[in-house]
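Protein chains in written order, with my numbering: chain A, 568 to 745; chain B, 20 to 187. No residue lacks a Cβ here, since even glycine has one placed at the ideal position from N, Cα and C. Just so it is clear, the structure is predicted and the values come from calculations on it, not from any experiment. The next block holds one structure in the form of structure tokens; read it before the comments.
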Amino acid sequence: MRDCENIRESIGRWLDGELDATESESITAHLASCEECRKARQQLESIQHILKTTLVAEAQQIEFLPFWRGVQLRIGHKTSWYEHALEWTRETFTLSRAAWLVPVSIAVLLAILSLESYIPGWREGRNSFASVESIDAYGRNVALLRQNESKTTVIWLYADQEGENETADEPAKSAPAF
Amino acid sequence: MASFQELVSRYHQKVYMVILGLLHNRDDALEVAQETFLRAYRKIGSFAGGSSFYTWIYRIAVNLAIDAQRRQKRNPLDFRETMDGVLEAQEETARDPFADVHDRELRENLIRAINELTPEHKAVIVLRTIEGLSYKDIGEILGCSEGTVMSRLHYARKKLQDKLSAFL
């Protein structure tokens, strides 16, 4: 049974003459003794025969001169730039080529992102430095620290101690409020 | 132009057969066959002779037919309708009326079964059946390896056998 399965896997190639001499001989010997496999062979041959006779009968109805006139008409027909562009696009962007677009796009994106480390000043407008603003709010000082990259804002509130201690250099320490 | 005409006269029926096997519609097949020779005429300069002319022209034909099939939104039963003339003409020459009915049924079912294959599977079956091309040549035409041709042929034949076993 296992042998029959293997033989049927190879009958198509055997009919096509794509097997080497040894394999070919073993299939011929098996077919001589196995009716089921002979039937499988006959089925394949029938399919090929019917398909071929049907298509040949169709093709024989195609007369050369009208066909040739059709080809000549196409050759004489001037194609517009639009048709040329369409044809070029269709031939250039085949499915197999389009498949390359994904890895290429990823590579280009990574290259652009890595430019930052090679070119100083690249993406300067979108720096991630924090900015600090200080606002005098009626004796109570407010300091804001904004960091663009992490979208973090830190707010300090502290009392103005200048009046109390003129010599103090540092602002009063207070706990930051978030 | 005379030598090109000679090439067309030699290959037009074979090219038409391959395309009809893929498209299953006479009018579309005729149009795509003529378009194939137009492309061949325009690109004959790019045919370097590295491959034989028939593999080159079949490659153009198969690519155009597969493109056309993907665009085609027609009812797949069109083929059965357009093929009726051929089936009737072939029946007239047959002697046994019971055999006629069986043959007709078998052909119709074969056509339906082939229609259900993908364009790539149809292409290997048609190229192998019509021209008896080697796996190497078919691979060259379809732009794939011999192994791929072999597995596609095996799959397509198995499908056809399964669907037609009641009639064979």
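Where residue 682 of chain A falls, given that 16 or more other Cβ within 10 Å makes a residue buried: Counting of Cβ neighbours within 10 angstroms places residue 682 of chain A among the exposed residues, the total staying below 16.
Contacting residues, own chain, Cβ-Cβ under 7 Å from residue 157 of chain B (five flanking each side not counted): Listed in chain order, the non-local C-beta contacts of residue 157 of chain B below 7 Å within the same chain comprise 143, 146, 147 and 168, local neighbours out to five positions each way being set aside.
Residue 137 of chain B at chain A interface by Cβ criterion, 7 Å: It does not; no Cβ of chain A falls within 7 Å.
Limits of the alpha helix (DSSP H) - the one that residue 49 of chain B falls within: Taken as a continuous stretch (DSSP letters only), the alpha helix (DSSP H) holding residue 49 of chain B covers 45-62.
Backbone CA spacing between residue 174 of chain B and residue 679 of chain A [nearest angstrom]: If I take the Cα positions, the gap works out to 46 Å.
Which residues DSSP lists as bridging residue 725 of chain A, in chain order: Answer by DSSP bridge pairing, in chain order: A:708.
Interface residues of chain A facing residue 31 of chain B [CB-CB closer than 9 Å]: Simply 626, 629, 631, 634, 635 and 638.
Residue-chain proximity (residue 579 of chain A, chain B), Cβ-Cβ < 7 Å: Yes, residue 579 of chain A lies at the interface with chain B (some Cβ there is under 7 Å from its Cβ).
Proximity to residue 74 of chain B [Cα-Cα], best of B:83, B:152 and B:89: Nearest C-alpha to residue 74 of chain B: B:152.
Neighbour flag for residue 154 of chain B against chain A, beta carbons, 7 Å: Cβ-Cβ to chain A under 7 Å: yes for residue 154 of chain B.
Inter-stretch contact (C-beta, 8 Å, three-pair minimum) for the stretch 172-187 of chain B and the stretch 573-586 of chain A: Look at the beta carbons and you see the stretch 172-187 of chain B touching the stretch 573-586 of chain A: at least three pairs across the two are nearer than 8 Å.
Range covered by the alpha helix (DSSP H) that runs through residue 172 of chain B: First-last of the alpha helix (DSSP H) with residue 172 of chain B: 165-183.
7 Å Cβ cutoff, residue 173 of chain B in contact with chain A: So yes, residue 173 of chain B belongs to the interface.
Residue 725 of chain A beta carbon near the ligand FMN (any heavy atom closer than 6 Å): Here there are no bound small molecules, and the ligand FMN is not part of this structure.
Exposed unless 16 or more other CB atoms sit within 10 angstroms - verdict on residue 666 of chain A: Burial state of residue 666 of chain A is exposed, judged by a 10 Å Cβ sphere holding fewer than 16 other Cβ atoms.
Whole-angstrom distance between residue 656 of chain A and residue 668 of chain A, CA atom to CA atom: Answer to the nearest angstrom: the Cα atoms are 15 Å apart.
Close beta carbons around residue 609 of chain A, own chain, < 7 Å, minus the five adjacent residues each side: Same-chain partners within the cutoff: there are none.
Reduced DSSP category for residue 570 of chain A - H, G, I as helix; E, B as strand; rest coil: Under the three-state reduction of DSSP output, residue 570 of chain A falls in the helix class.
Alpha-carbon to alpha-carbon, residue 676 of chain A and residue 615 of chain A: For residue 615 of chain A and residue 676 of chain A, the gap between their C-alpha atoms comes out near 52 Å.
Neighbourhood of residue 20 of chain B by C-beta, 7 Å cutoff - its chain only, sequence neighbours within 5 removed: Residues of the same chain with their beta carbon placed closer than 7 Å to that of residue 20 of chain B are lacking, with the five preceding and five following residues left out of the count.
Boundaries of the alpha helix (DSSP H) in which residue 600 of chain A is found, first to last residue: Here the alpha helix (DSSP H) through residue 600 of chain A covers 588-600.
Cβ pair count under 8 Å reaching 3, the stretch 75-85 of chain B against the stretch 126-133 of chain B: Between the stretch 75-85 of chain B and the stretch 126-133 of chain B there are fewer than three C-beta pairs closer than 8 Å, too few to call the two in contact.
Cross-chain neighbours of residue 149 of chain B in chain A, by beta carbon under 7 Å: Here the neighbours are 619 and 622.
Those runs of the alpha helix (DSSP H) which lie wholly inside the stretch 609-674 of chain A and span at least 4 residues: DSSP runs (the alpha helix (DSSP H)) wholly in the stretch 609-674 of chain A: 631-643 and 648-659.
Close-in-space but distant-in-sequence residues of the same chain around residue 605 of chain A (CB under 6 Å, 5 per side omitted): Cβ within range, chain order: 598.
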